[in-house]
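Contents: one structure, followed by commentary.
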Amino acid sequence: MKASDSPVVVEQTFNASKEKVWNAITVKDEMIQWYFPMIPEFKPEVGFETLFTVEHEGRVFPHRWKVLEVEPCKKISYTWKYDNYDGDGYVTFEIIEGCDKTRLQLTCTITEDFDDSIPEFKRESCVGGWEYFIKQQLRSYLE
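In my numbering, the protein residues as written are 279 to 421.
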């Protein structure tokens, strides 16, 4: 992923209240059920930081997140970087409430190039990963 790339945007509508969607994306005990089971702690508070490690095909990716923006039941943004790897970006989850459904829009924006010689840092991996998390995992968890 490169800073010059357009952001990755993934949207999904859920048969769930905005509160239920908000809790799924901000409450650690819910996040570990559909997102990353190894998240040690998470708080939807500006400035909160967490670090956890994901291993994939022999590579180790220490995820470091820092919460940048919080609007309860509407929006949360946090940085997305990996210790020991170049690259930086952030993700924003925005909740749009409908009559009896809730739409979630995830936007992943790159601010510093990632090394796309690493398969997990290629744009198609980012798109595939977010579609998996939002359209499969989170949908299955909420519905």
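Cβ coordinates follow ideal geometry from the N, Cα and C atoms, glycine included.
Going by alpha carbons, who is nearest to residue i out of the options?
i, options, result
"Lys-298", "Asp-391, Trp-358, Ile-388 and Arg-381", "Arg-381"
"Gly-376", "Ser-284, Leu-346 and Gln-290", "Gln-290"
"Ser-284", "Phe-392, Thr-387 and Ile-396", "Thr-387"
"Ser-395", "Arg-417, Thr-370 and Gly-365", "Gly-365"
"Trp-408", "Phe-314, Phe-330, Glu-327 and Phe-339", "Phe-314"
"Asn-362", "Thr-385, Thr-331, Glu-349 and Ile-374", "Thr-331"
"Glu-421", "Val-286, Lys-280 and Asn-293", "Asn-293"
"Phe-392", "Glu-327, Leu-416 and Phe-339", "Phe-339"
"Trp-300", "Gln-414, Gln-383 and Glu-390", "Gln-383"
"Lys-344", "Tyr-360, Asp-378 and His-334", "Tyr-360"
What is the rounded straight-line gap between the Cα of residue i and the Cα of residue j?
i, j, result
"Ile-253", "Glu-372", "Since the first residue of the chain shown is 279 and the last is 421, residue 253 is not available in this structure."
"Phe-241", "Gln-311", "This structure cannot speak to residue 241, because the chain is shown only from 279 to 421."
"Gly-325", "Val-288", "25 Å"
"Ser-418", "Ala-302", "11 Å"
"Gly-336", "Ile-374", "38 Å"
"Glu-398", "Val-405", "10 Å"
"Thr-385", "Leu-416", "15 Å"
"Tyr-368", "Ser-282", "14 Å"
"Thr-370", "Pro-318", "20 Å"
Report the partner residues of residue i according to the DSSP bridge assignment.
i, result
"Val-367", "According to the sequence displayed, residue 367 carries Gly and not Val. Gly-367 pairs with Ile-388."
"Leu-382", "Gln-290 and Ile-373"
"Tyr-360", "His-341"
"Ser-355", "Glu-347 and Thr-370"
Are residue i and residue j closer than 8 Å when you measure CB to CB?
i, j, result
"Met-279", "Arg-401", "yes"
"Leu-346", "Thr-357", "yes"
"Lys-306", "Cys-351", "no"
"Pro-322", "Val-286", "no"
Segments of 3+ residues assigned as beta strand (DSSP E) that fall wholly inside the stretch 283-351: 286-292, 327-334 and 337-349
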